[in-house]
Amino acid sequence: MAIKSDKWICKMAAEHKMIEPFVGSQVRYVDGQKVVSYGTSSYGYDVRCAEEFKIFTNVHSGIVDPKNFDKSSFIDIKANICIIPPNSFALARTVEYFRIPRNVLTICLGKSTYARCGIIVNVTPLEPEWEGHVTLEFSNTTPLPAKIYANEGVAQMLFLESDEVCETSYLDRGGKYQGQQGVTLPIA
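When the sequence shown is numbered by this note's numbering, its final residue is 185 and no position is left out of the sequence of numbers.
This is how it looks when you write it as structure tokens:
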């Protein structure tokens, strides 16, 4: 497996619609205003967060159960920013829609701008032939409220290409998160 460069990412975006919408350069300013960077980087692609957020709440004193998830554990927000309460958690989704090739595994890492503020981004690997909007998990590890900016960079995708095609892809297995749209909650 080899990590792929910006030229490979641009080629795959153009030929296979691997990332839509696709930004072929690193964007740091929008309308003269500084933003957390997004778009193609040297060996990856910095994704943006959409304006849809689900923030954990304990209003109903529920228990988080991945096999029987209670949707009332979240408050839905649509906004340009999301304030995550101290020591809390929020879900969002990427602006970009991904179509991962059969011989590629994609790993997501948080951007240092957020990590240095105590905001951790967690995303499980995007398996071969998975497609959809990526659900982003944000943990605010600080004792202070934390701000996430929509339509700005939040995480970097790294693409690992194998020299052979996998025997069974996510699509072949009928993966439960295939083709997800919007912020997707746990599916048992």
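For each residue, glycine too, the CB sits at the ideal point set by N, CA and C.
Computed from a prediction, not measured in an experiment: that's the story for all the values here.
Simplified DSSP assignment, three categories, for residue i
i      : result
Met15  : coil
Arg273 : As displayed, the chain neither begins before -2 nor continues past 185, which places residue 273 out of reach and without an answer.
Lys173 : coil
Distance between residue j and residue i (C-alpha atoms, nearest Å)
i      : j      : result
Leu106 : Gly41  : 10 Å
Ser166 : Ile145 : 33 Å
Asn119 : Met154 : 12 Å
Pro140 : Ala87  : 15 Å
Val162 : Val101 : 8 Å
Asn84  : Gly36  : 29 Å
Cys79  : Ala147 : 8 Å
Same chain, Cβ closer than 6 Å to residue i, neighbours up to 5 away in sequence not counted
i      : result
Thr110 : Val33
In DSSP terms, what residue i is bridged to
i     : result
Ile97 : DSSP output for Ile97 lists no bridge partner at all.
Val44 : Ala152
Val27 : Gln30
Buried versus exposed call for residue i [16 or more other C-beta atoms within 10 Å across all chains shown]
i      : result
Gly29  : exposed
Asp43  : buried
Asn137 : buried
Val151 : buried
Thr103 : buried
Tyr94  : buried
8 Å CB neighbourhood of residue i in its chain, flanking five on each side removed
i     : result
Lys51 : Phe71, Ile72, Asp73, Ile74, Ala87, Leu88, Ala89, Val180 and Leu182
Check: residue i C-beta below 7 Å from any heavy atom of the ligand GTP
i      : result
Ile145 : The model depicted lacks the ligand GTP and carries no ligand whatsoever.
7 Å CB neighbourhood of residue i in its chain, flanking five on each side removed
i    : result
Lys4 : none
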